[in-house]
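In my numbering, the protein residues as written are 265 to 443.
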């Protein structure tokens, strides 16, 4: 009983420090210790999967797929929502860039018209004003989306801190069992 619990306790200590490169062998034991080891192996694999997804997200891969293990999988659901929100943000930014590109093109055309035809100056100024409003609106949209991403990142960080605390508490409880 002591050796499997000691191994789980040592590996839990590594996880508490953020090290997910641990090695636990599943056991054929049918008692509570075997159940604990199997649960710990499953939890470790889940954390490793989440870390892998987070790493892929950090490299810009938003096509990554993460399937939360349940409706109560707080970290998995938070990461899934974060990826969706980031995808939405990227889509909105692309739309804003298209608007900006169109606006820049319109400004360029307006500038050429102003230089070549003085009678069209009033119309070009109105078009530029409209374009600037679009740029302002696109900038406001990008600012809102950036705030949303920052808020989501803070939420994910809070969830991660909660998970870290839970693992630390589990480690403390396992240490008590070990004693």
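C-beta: ideal position from N, C-alpha, C; glycine also.
Exposed unless 16 or more other CB atoms sit within 10 angstroms - verdict on residue i
i: residue 340; result: buried
i: residue 327; result: exposed
i: residue 279; result: buried
i: residue 362; result: exposed
i: residue 266; result: exposed
i: residue 416; result: buried
i: residue 373; result: exposed
i: residue 309; result: exposed
i: residue 348; result: exposed
i: residue 276; result: buried
i: residue 440; result: exposed
i: residue 435; result: buried
i: residue 389; result: exposed
i: residue 360; result: buried
i: residue 409; result: buried
Residue i - containing alpha helix (DSSP H), residue span
i: residue 313; result: 296-322
i: residue 278; result: 266-280
Rounded Cβ spacing between residue i and residue j (contact assumed at less than 8 Å)
i: residue 305; j: residue 330; result: Actually they are not in contact, since the Cβ atoms of residue 305 and residue 330 sit about 20 Å apart, beyond 8 Å.
i: residue 343; j: residue 402; result: Actually they do not touch by this definition, with Cβ atoms about 28 Å apart.
i: residue 301; j: residue 332; result: At roughly 24 Å, the Cβ-Cβ gap does not stay under 8 Å, so residue 301 and residue 332 are not in contact.
i: residue 350; j: residue 413; result: 7 Å
i: residue 345; j: residue 312; result: Not quite, the Cβ-Cβ distance comes to about 21 Å (not below 8 Å), so this is no contact.
Short CB-CB distance (under 7 Å) between residue i and chain C
i: residue 359; result: Absent from the structure: chain C. Only one protein chain is present.
**Message:** Does the region 336-354 come into contact with the region 416-425, if we say contact requires no fewer than three beta-carbon pairs (one atom in each stretch) closer than 8 Å?
**Reply:** With three or more CB-CB distances shorter than 8 Å, the region 336-354 counts as touching the region 416-425.
**Message:** Check whether the region 342-361 and the region 370-382 are in contact - that is, three or more C-beta pairs closer than 8 Å.
**Reply:** Contact fails between the region 342-361 and the region 370-382, because fewer than three Cβ pairs, one in each stretch, are under 8 Å apart.
**Message:** Would you call the region 360-372 in contact with the region 309-326, where contact means no fewer than 3 C-beta pairs closer than 8 Å?
**Reply:** Contact check between the region 360-372 and the region 309-326: fewer than three CB pairs, one atom from each, fall below 8 Å, which does not count as touching.
**Request:** Please confirm if the region 268-276 is in contact with the region 396-408, defined as three or more CB-CB distances below 8 Å between the two stretches.
**Result:** These segments do not touch.
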